[in-house]
Amino acid sequence: MAACPEPPLLCLPSNRLTSSRSRVIFHPKFKFMQIKFLDLKAQYDSIRSEIDAAIAETIASSSFILGPRVLSFEKNFAAYCDSAEAVALNSGTSALHLILRALGVGQGDEVITAANTFIATVASIVYTGARPVLVDIDPHTRNIDLDKLSAAISPHTKVIMPVHLYGRMVDMERLISLAIKHSLWVVEDACQAHGAKFRGKPVGSFGIAAAFSFYPGKNLGAYGEGGAVTTSDKELARRIRILRDHGSEKKYYHDMIGYNARMEGLQGAILDVKLRHLDKWNQERNRVASRYRVNLSSLPLGLPLESSEYYQVYHQFVIETDRRDELQKYLAEADIPTMIHYPVPVHKQRAFIETGIKTGALPVTEYLANRILSLPIYPELTDQQVDYISSRIREFFGQ
Ligand SMILES: Cc1ncc(COP(=O)(O)O)c(C=O)c1O
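Right, dumping it as structure tokens:
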């Protein structure tokens, strides 16, 4: 085999050259480029010494549950989100659920959220006994359609839960003025939007509280499960701290039935290190997104909306085409992994059949579910890799 022009990471092992020809794409400019959907190992390699030291220190001090590194992360993450408090938890799902419980949301209440979201957003509402009310999404922003939101508000509505999907925030000025008009709480689902901004103001600082997930693949990801609530309401933060620890403020004294939703010490230590790199990583995601945008601009594809008021953090780079399945297969044959977020809208999942929402009731969500495709995007994805992926997409469309 001739010397590979790329660093080893980008080269397929030589046995791939002799494997099925249909799976190895020869291209004059980009030979044998290996693409991952996400490369968490590359990220770890770039900060290995800091992470290893934080892990070693946490183990040496036996701070396995909560502890000083989690406290430090809470302080730093609250400041990062321009909030008075952050409460570290075991998942984003717990963050959403515990905010609703701490607000007293329960049976007889309704919580409005977007129809295109990960199931956890809606499940967290169901856990409380409240009824989720799904609003269709805007075809351009792919977030909750603010023109349709008012019609979903009823005398039972307690909370509006906007989801900043794919790393793009909802227009929080419009949403909050609607909430104020109807005396409703706003709880941000910021699980895909760490570091995003709307008109210069950071995600997690808009509503009564916000929920973050630190699932490993998130823009800020733990090395296991993790989540957090940010809020500037000190009493709400106190209630969530009690709920995360079996309803207890003082060890073995329980004022209510709570949960085991505490963050592990190791995750706090890791996240505290990784938080220092988040802005740089988000800038790299923006580099990748801009390059895709330029490379793909002449194709018959829907691209993520860009506008100056939004700092997007591109948790996903989602394109749209009515030839989605064909394109996904074509890319898979070139060893380019893609994903669909999400292939089946929540209201069409078997788990939510009893909500009685009929097919066709949320037309934009349903339409997009058949057209969207998430391309690889992460800080370590090189320009050459983005060009390679783009060249395959252009090839698919005959350009
Ligand atoms: C929009 C959204 N909400 C909630 C969650 C739940 O977070 P977790 O997986 O940490 O429970 C996720 C995680 O993927 C998410 O993307």
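1715 is the number that this note's numbering gives the last residue of the sequence shown; the numbers go up by one with no jumps.
Backbone N, C-alpha and C fix where the C-beta goes; we use that ideal spot for every residue, glycine too.
- At a Cβ-Cβ threshold of 9 Å, Thr1681 and Asn1459 do not count as neighbours.
- Around the beta carbon of Asp1638, a 10 Å sphere encloses fewer than 16 other beta carbons of the protein chains shown; the residue is thus reported as exposed.
- 9 Å or more divides the Cβ of His1657 from the Cβ of Ser1606.
- Gly1543 carries a strand assignment under DSSP once its states are collapsed to helix, strand and coil.
- Counting along the chain, the unbroken beta strand (DSSP E) around Lys1474 starts and ends at 1473-1477.
- Out of Gly1542, Asp1452, Met1488, the CA that lies nearest to the CA of Val1503 is found in Met1488.
- Val1519 is bridged by DSSP to nothing; it lacks a bridge partner.
- Measuring C-alpha to C-alpha distances from Ala1544 to each of Leu1697, Thr1444, Cys1397 identifies Cys1397 as the nearest.
- Beta-carbon to beta-carbon, Leu1416 and Val1475 are separated by about 7 Å, close enough to satisfy the 8 Å threshold.
- Per DSSP, reduced to three states, the secondary structure at Met1488 is helical.
- Rounded to whole angstroms, the gap between the alpha carbons of Ser1623 and Asp1505 is 21 Å.
- Under the DSSP assignment, Asp1361 falls in the alpha helix (DSSP H) whose first and last residues are 1356-1376.
- Distance from the C-beta of Ala1436 to the nearest heavy atom of ligand 1 is below 8 Å.
- The beta carbon of Ile1586 is closer than 8 Å to those of Ile1367, Ala1370, Ile1371, Ala1538, Tyr1539 in its chain, skipping five residues each way along the sequence.
- Remark: the shortest separation between the CB of Glu1600 and any heavy atom of ligand 1 does not fall under 8 Å.
- The beta carbon of Leu1684 sits closer than 6 Å to no other beta carbon from its chain once the five residues preceding and following it are set aside.
- Using a cutoff of 8 Å, the CB of Thr1654 does not count as near ligand 1, since none of the ligand's heavy atoms is closer than that.
- Within its own chain, the residues whose Cβ lies closer than 6 Å to the Cβ of Val1604, once the five positions on either side in sequence are excluded, are Ile1693, Leu1697, Val1702, listed in chain order.
- The secondary-structure analysis by DSSP pairs Gly1618 across a beta bridge with Glu1636.
- Annotation for Lys1550: the continuous alpha helix (DSSP H) segment containing it runs 1550-1560.
- The Cβ atoms of Leu1494 and Ser1466 lie closer than 9 Å to each other.
- A Cβ-Cβ distance of about 42 Å is found for the pair Ile1705 and Ile1469, leaving them out of contact under the 8 Å criterion.
- Remark: the C-beta of Cys1397 is outside contact range of ligand 1, defined as less than 8 Å to any heavy atom.
- The continuous stretches of beta strand (DSSP E) do not include Ala1400, and DSSP gives it neither H nor E.
- Comparing alpha carbon positions, the residue from Asp1641, Leu1414, Tyr1608 closest to Arg1555 is Leu1414.
- Look at Gly1542: its beta carbon is less than 8 Å from one of the heavy atoms in ligand 1.
- When DSSP assignments are scanned along the region 1688-1713, the uninterrupted stretches of beta strand (DSSP E) that are 3 or more residues long and fall wholly within it turn out to be 1688-1691.
- Annotation: the continuous alpha helix (DSSP H) that includes Pro1679 extends over 1679-1685.
- Under a 10 Å Cβ-count criterion, Ile1558 is classified as buried, with 16 or more other Cβ atoms of the shown protein chains found around its own Cβ.
- Secondary-structure assignment with DSSP links Ile1428 through a beta bridge to Val1449, Ile1476.
- Distances from the CB of Phe1633 to the heavy atoms of ligand 1 are all 8 Å or more.
- Val1503 sits in a strand when the DSSP states are folded into three classes.
- Sequence-distant Cβ neighbours of Leu1412 in its own chain, meaning closer than 6 Å and more than five residues away, are Ser1440, Ala1527.
- Secondary structure at Glu1649: helix, using DSSP grouped into helix, strand and coil.
- Inter-segment contact for the region 1646-1653 and the region 1399-1411 is absent: fewer than three beta-carbon pairs are separated by less than 8 Å.
- Rounded to whole angstroms, Pro1384 and Gly1584 show a C-alpha spacing of 9 Å.
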